[in-house]
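J.: These protein sequences, in sequence, are chains A and B.
Position in the first sequence (first residue = 1) + 3 = the numbering used here.
Position in the second sequence (first residue = 1) + 3 = the numbering used here.
To start, I am sharing the structure in question, which I have written as structure tokens.
Number of protein chains: 2
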Amino acid sequence: MTQSSSVLSGDRLALARLLTQVENDSAEGRAVLAELFPHTGKAHLIGVTGAPGTGKSSLVNQLALHFRRQDDKRVAIVAVDPSSPFTGGAVLGDRVRMRDLAGDSGVFIRSMASRGSLGGLAHATASMAQVFDAAGFDIVMIETVGAGQGEVDIAKLAHTTLVVEAPGFGDDIQAIKAGILEIADILVINKADRPGVENTEKALKSMLELAHPSQHVFMHHGRVIEVHRDPSPPRAAQSDKPIWLPPIQRTVATEGTGIAELAGSIAKHLAHLRQSGDWAARERAGLEVELDALIQEELVNRFRDEIPQKQYDEILGKVINRNLSPWEAVRVLMNGRVSPRRGGSGKTK
Amino acid sequence: MTQSSSVLSGDRLALARLLTQVENDSAEGRAVLAELFPHTGKAHLIGVTGAPGTGKSSLVNQLALHFRRQDDKRVAIVAVDPSSPFTGGAVLGDRVRMRDLAGDSGVFIRSMASRGSLGGLAHATASMAQVFDAAGFDIVMIETVGAGQGEVDIAKLAHTTLVVEAPGFGDDIQAIKAGILEIADILVINKADRPGVENTEKALKSMLELAHPSQHVFMHHGRVIEVHRDPSPPRAAQSDKPIWLPPIQRTVATEGTGIAELAGSIAKHLAHLRQSGDWAARERAGLEVELDALIQEELVNRFRDEIPQKQYDEILGKVINRNLSPWEAVRVLMNGRVSPRRGGSGKTK
């Protein structure tokens with residue numbers, strides 16, 4: 004039995020081995036991934052992003068339990084932690100989670116520490132998700148620490164993106180999430196039993212209005228009760244395409260509160276994706292991110308293979324001594340190889 | 004008069020124009036930068052990184068005022084804001100700062116929104132710093148929103164890195180700053196008049212011990228009073244090279260409290276860099292980061308120039324239809340050009 008057919012048949016050991024190969028970006032991993040790729044495209048990829056301290060991991064945990072027990076789905080979790088480029092802090096998380104989800108063959112959890120380059124991270128995450136997809140997992144949750152371009156790229160891999168907040172981060176929520184909010188399909192206020200939850204919801208609501216300026220959102224107890232769009236008609240949303248307005252959901256993950264409602268919102272978003280044609284658009288965007296990340300990584304790898312370390316060090320030495328500007332150095336390094344450029348200087352002209 | 008000599012002679016208009024050219028990565032900008040590069044290497048590059056809400060911008064503002072008024076230094080500020088890849092939130096900051104620093108020809112402030120790729124961001128920041136360096140600014144402060152590999156790369160450009168915290172972010176400080184702390188030369192607790200400042204300092208102290216495990220740090224009211232190193236001798240630091248132990252400084256930037264002391268720590272760190280030989284090491288590391296970022300960007304640009312959009316779209320279409328795996332797609336795209344690879348498949352073998 005080949006490794007790819009073992010993975011397709013649900014062999015967990017083969018799956019674990021492949022995930023390691025994929026994370027290490029080994030030649031074996033790439034080969035098996037290529038064989039599995041035609042079997043992908045079925046899983047619902049759910050991105051969950053939020054700052055440390057929002058209880059994001061517990062939330063993912065609880066959602067996984069819900070999808071297992073209520074919906075009988077097979078669930079995989081890919082936890083990406085790029086916040087510690089030096090130490091890689093992804094180990095503890097696994098242990099904590101084991102308690103609730105251990106022994107359930109319908110759940111698979113995998114952590115990934117930073118891989119140095121953000122391009123590398125996006126591509127490794129995409130590959131992991133594909134492995135789980137091919138292996139028959141219905142839902143793949145991709146958990147990331149929010150903020151920064153890298154996480155936005157990872158979020159683009161997902162069909163549905165949850166942005167998790169928690170009360171108590173103060174008024175600064177506006178500044179923190181300005182970019183991240185625009186990728187949110189569902190907003191979650193976790194730890195909603197804490198004081199300040201009303202302020203957090205108010206802040207998120209006004210940010211939603213900033214992020215979706217053509218719509219006026221009216222909410223009541225965390226539910227959207229009315230949507231106005233500019234210009235008129237002022238009362239109801241009118242469009243040829245169904246509009247998705249990110250709902251705000253309150254949860255207390257540690258107690259399981261609000262999890263069923265959140266799962267309901269996720270299911271609604273999935274239905275919206277299918278109806279509106281956005282599923283295909285997101286598939287495309289996700290694969291494009293992955294392809295670009297792969298291209299970038301491959302280009303840099305090839306370049307490093309081709310330039311001898313000694314030559315690189317010599318040129319860097321000249322830059323340090325100010326005998327060569329960084330741009331001139333790049334030009335020297337690029338021309339040292341058989342350059343495939345057409346007709347010369349291109350951008351530097 | 005050429006543009007580069009105008010910049011060298013202190014022409015602010017020429018400087019502003021060059022900064023724009025450099026930010027846009029134009030051919031003119033690159034050419035002038037190459038001419039200016041031999042004049043760089045003198046400025047003290049100070050990185051200031053911290054989450055939104057820590058009052059980092061006010062702190063940078065106050066430090067700039069101090070360096071101007073007390074030390075008569077010429078000060079430039081490069082504010083990098085990669086937190087909002089969609090909207091680019093760097094405009095407001097400039098206006099707020101104008102009030103205190105406007106009209107002072109020894110100060111120049113420049114904001115930079117995200118440029119999509121983090122490699123691009125690191126390289127643009129490095130270039131900006133070089134322009135200011137060549138133009139005779141003594142101190143260049145590079146302000147970034149902490150967290151993520153991109154900010155770590157930008158921090159590597161600096162000679163001295165300040166990591167800014169504030170009380171009130173709760174116990175989660177450990178998780179937030181695990182990676183960032185390891186790049187800190189000086190830790191700042193801003194908004195130190197807020198409740199919780201003792202806890203923040205305690206948390207930072209224990210994190211410092213984690214980040215510098217061979218040293219036991221004893222502090223009193225924010226000052227290091229004793230350093231133990233493992234293994235013995237247990238009492239005092241013994242090494243052929245002077246050790247720098249990141250001090251923790253409390254400030255209230257809005258009132259100017261602690262700014263002089265912080266500036267004192269920065270001056271001490273500069274002296275340490277010169278004494279220990281770390282100045283040269285950091286120069287090297289910074290230029291290496293810049294060179295690598297430039298190489299990566301140039302490789303991707305060349306690739307995009309060479310592959311017709313139509314061909315790229317066709318291949319992406321095959322990936323979307325699962326007729327081609329992403330890796331196979333990259334291989335096709337790479338072989339479509341005259342590949343400079345030596346002896347074939349390399350990494351994919």
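Using N, Cα and C, we set each Cβ at its ideal position, and we do this for glycine too.
Note that the structure is a prediction, hence the values are computed from the model and not measured.
So, with DSSP's three-state summary, where would you put A:G289?
T.: Here the question's residue 289 of chain A lines up with position 286 in the first sequence. Helix at A:G289.
J.: For chain B, is any of its Cβ atoms less than 8 Å away from the one on A:Q6?
T.: Numbered from its first residue, the first sequence carries residue 6 of chain A at position 3. For A:Q6, the answer is no, since every Cβ of chain B falls outside 8 Å of its Cβ.
J.: What is the DSSP secondary structure of B:M115, counted as helix, strand or coil?
T.: As a first step, residue 115 of chain B must be located in the second sequence, where it is residue number 112. Three-state result, B:M115: strand.
J.: Can you give me the C-alpha to C-alpha distance between A:G44 and A:V134, rounded to a whole angstrom?
T.: For the purposes of this step, residue 44 of chain A is taken as residue 41 along the first sequence, with counting starting at 1. For the purposes of this step, residue 134 of chain A is taken as residue 131 along the first sequence, with counting starting at 1. C-alpha separation (whole angstroms): 11 Å.
J.: For A:T23, which of helix, strand or coil comes out of DSSP?
T.: The count along the first sequence starts at 1 and reaches residue 23 of chain A at position 20. Per DSSP, reduced to three states, the secondary structure at A:T23 is helical.
J.: Do you know how far the Cα of A:E264 is from the Cα of B:K321?
T.: The sequence position of residue 321 of chain B within the second sequence is 318, counting from 1. The sequence position of residue 264 of chain A within the first sequence is 261, counting from 1. One C-alpha to the other measures close to 38 Å.
J.: Would you say A:S328 lies against chain B (beta-carbon separation less than 8 Å)?
T.: For the purposes of this step, residue 328 of chain A is taken as the residue at position 325 of the first sequence. So yes, A:S328 belongs to the interface.
J.: Starting from B:L160, follow the beta strand (DSSP E) in both directions and report where the run begins and ends.
T.: On the second sequence, position 157 is the one that residue 160 of chain B refers to. It is not in any beta strand (DSSP E) - B:L160 carries neither H nor E in the DSSP assignment.
J.: Does A:A240 come out as helix, strand or coil in the three-state DSSP assignment?
T.: Within the first sequence, numbered from 1, the residue matching residue 240 of chain A stands at position 237. Because A:A240 carries a pLDDT of 46, less than 50, the predicted location of this residue cannot be relied on, and the following value inherits that uncertainty. If DSSP states are grouped into helix, strand and coil, A:A240 belongs with coil.
J.: Would you check if the distance between the CB atom of B:L48 and the CB atom of B:L211 is smaller than 8 Å?
T.: As a first step, residue 48 of chain B must be located in the second sequence, where it is residue number 45. As a first step, residue 211 of chain B must be located in the second sequence, where it is residue number 208. Going by C-beta atoms, B:L48 is not nearer than 8 Å to B:L211.
J.: At least one CB of chain B closer than 8 Å to the CB of A:A158: is that the case?
T.: Here residue 158 of chain A refers to the residue found at position 155 when the first sequence is read from its first residue. The C-beta of A:A158 comes no closer than 8 Å to any C-beta of chain B.
J.: Taking A:T43 as the query, report the chain B residues whose CB atoms sit under 8 Å from its CB, ordered along the chain.
T.: Reading the first sequence from its first residue, position 40 is the one you call residue 43 of chain A. Here the neighbours are R325.
J.: When you check each C-beta in the segment 284-315 of chain B against every C-beta of chain A, which residues fall closer than 7 Å?
T.: E286, R287, L290, E291, E293, L294, L297, I298, Q299, E301, L302, V303, N304, R305, F306, D308 and E309
J.: Is the number of C-beta pairs between the segment 189-207 of chain A and the segment 163-170 of chain A that are closer than 8 Å three or more?
T.: Contact holds: three or more Cβ-Cβ distances are below 8 Å.
J.: With H, G and I counted as helix, E and B as strand and the rest as coil, what does DSSP make of A:I310?
T.: Counted from its first residue, the first sequence places residue 310 of chain A at position 307. A:I310: coil per DSSP, three-state reduction.
J.: Helix, strand or coil for A:T5? Go by DSSP, reduced to three states.
T.: By one-based count along the first sequence, residue 5 of chain A stands at place 2. A:T5 falls in the coil class under three-state DSSP.
J.: Out of A:N193, A:A127 and A:E331, point me to the one whose CA is closest to A:N64's CA.
T.: Numbered from 1 along the first sequence, position 61 holds the residue referred to as residue 64 of chain A. Checked all of A:N193, A:A127 and A:E331; the closest Cα to A:N64 is A:N193.
J.: Could you compute how far the alpha carbon of A:D295 sits from the alpha carbon of B:W330?
T.: As a working note, residue 295 of chain A is residue 292 in the first sequence. As a working note, residue 330 of chain B is residue 327 in the second sequence. Their Cα atoms are separated by approximately 11 Å.
J.: Is the Cβ of A:R197 closer than 8 Å to any Cβ of chain B?
T.: Here residue 197 of chain A corresponds to residue number 194 of the first sequence, with the count starting at 1. So, not an interface residue.
J.: How would you call B:T23, buried or exposed, if buried means at least 16 neighbouring beta carbons within 10 angstroms?
T.: Residue 23 of chain B sits at position 20 when you count from the first residue of the second sequence. Counting Cβ neighbours within 10 Å, B:T23 comes out exposed, since fewer than 16 surround it.
J.: Excluding the 5 residues flanking A:V83 on each side, which residues of the same chain have their C-beta closer than 7 Å to its C-beta?
T.: Residue 83 of chain A sits at position 80 when you count from the first residue of the first sequence. Cβ within range, chain order: M115, L124, T128, I145, E146, T147 and I157.
J.: Could you check which residue in A:I323, A:D107, A:A288 and A:L190 has the C-alpha nearest to that of A:H69?
T.: Position 66 of the first sequence, counted from the first residue, corresponds to residue 69 of chain A. That would be A:D107, whose Cα lies nearest to the Cα of A:H69.
J.: Excluding the five sequence neighbours on either side, which residues of its own chain have a C-beta within less than 8 Å of the C-beta of B:H42, listed in chain order?
T.: Looking up residue 42 of chain B in the second sequence gives position 39. The answer, listed in chain order, is L11, D136 and A137.
J.: Using a Cβ-Cβ cut-off of less than 9 Å, list which residues of the segment 20-52 of chain A approach chain B; keep chain order.
T.: Residues passing the 9 Å Cβ filter: D28, A30, R33, A34, L36, A37, E38, L39, F40, P41, H42, T43 and G44.
J.: CB-CB under 7 Å to B:L297, same chain, minus the five flanking residues each way: which ones, in chain order?
T.: Taking the second sequence and counting its residues from 1, the one referred to as residue 297 of chain B is at position 294. The residues are H126.
J.: Taking CB distances under 8 Å as the criterion, tell me whether A:E201 reaches chain B.
T.: Walking along the first sequence from the start, residue 201 of chain A turns up at place 198. At a cut-off of 8 Å between C-beta atoms, A:E201 does not count as an interface residue with respect to chain B.
J.: Taking the C-alpha atoms as reference points, what is the distance between B:E26 and A:A266?
T.: Numbered from 1 along the second sequence, position 23 holds the residue referred to as residue 26 of chain B. Numbered from 1 along the first sequence, position 263 holds the residue referred to as residue 266 of chain A. Each residue's alpha carbon lies about 44 Å from the other.
J.: Exposed or buried, A:A19, counting other C-beta atoms within 10 Å across all chains shown (16 or more means buried)?
T.: Numbered from its first residue, the first sequence carries residue 19 of chain A at position 16. Its Cβ having fewer than 16 others within 10 Å, A:A19 is exposed.
J.: Does DSSP put A:D175 in a helix, in a strand, or in coil?
T.: Here residue 175 of chain A is taken as the residue at index 172 of the first sequence, counted from 1. Interpretation of A:D175 is limited by its pLDDT of 47, a score under 50 that renders its predicted location unreliable; no figure is taken from the coordinates.
J.: Run the CB neighbour count on B:G13, radius 10 Å, all protein chains shown included, and call it buried at 16 or more, exposed below.
T.: On the second sequence, residue 13 of chain B is found 10 positions in, with the first residue counted as 1. Classification of B:G13: exposed, given that the 10 Å Cβ count is below 16.
J.: So what does DSSP say about B:G320, is it helix, strand or coil?
T.: Along the second sequence, read from residue 1 onward, the residue named residue 320 of chain B stands at position 317. Correct three-state label for B:G320: helix.
J.: Using the three-state DSSP reduction, which class does A:G58 fall into: helix, strand or coil?
T.: Counting from one through the first sequence, the residue named residue 58 of chain A turns up at place 55. Note: A:G58 maps to coil in three-state DSSP.
J.: Check whether the Cβ of A:V167 lies closer than 8 Å to any Cβ atom in chain B.
T.: Taking the first sequence and counting its residues from 1, one reaches residue 167 of chain A at position 164. Answer no: the Cβ-Cβ gap between A:V167 and chain B never drops below 8 Å.
J.: Could you name the residues of chain A that B:A256 contacts, counting a contact when the two beta carbons are closer than 9 Å?
T.: The count along the second sequence starts at 1 and reaches residue 256 of chain B at position 253. By Cβ distance, chain A contributes nothing, its closest Cβ being about 15 Å from B:A256, past 9 Å.
J.: Would you kindly work out how many angstroms separate the C-alpha atoms of A:I318 and B:R287, rounded to a whole number?
T.: Counting from one through the first sequence, the residue named residue 318 of chain A turns up at place 315. Counting from one through the second sequence, the residue named residue 287 of chain B turns up at place 284. Distance between the alpha carbons of A:I318 and B:R287: 12 Å.
J.: Is there a Cβ of chain B sitting closer than 8 Å to that of A:L211, yes or no?
T.: Here residue 211 of chain A refers to the residue found at position 208 when the first sequence is read from its first residue. No - not a single Cβ of chain B is within 8 Å of the one on A:L211.
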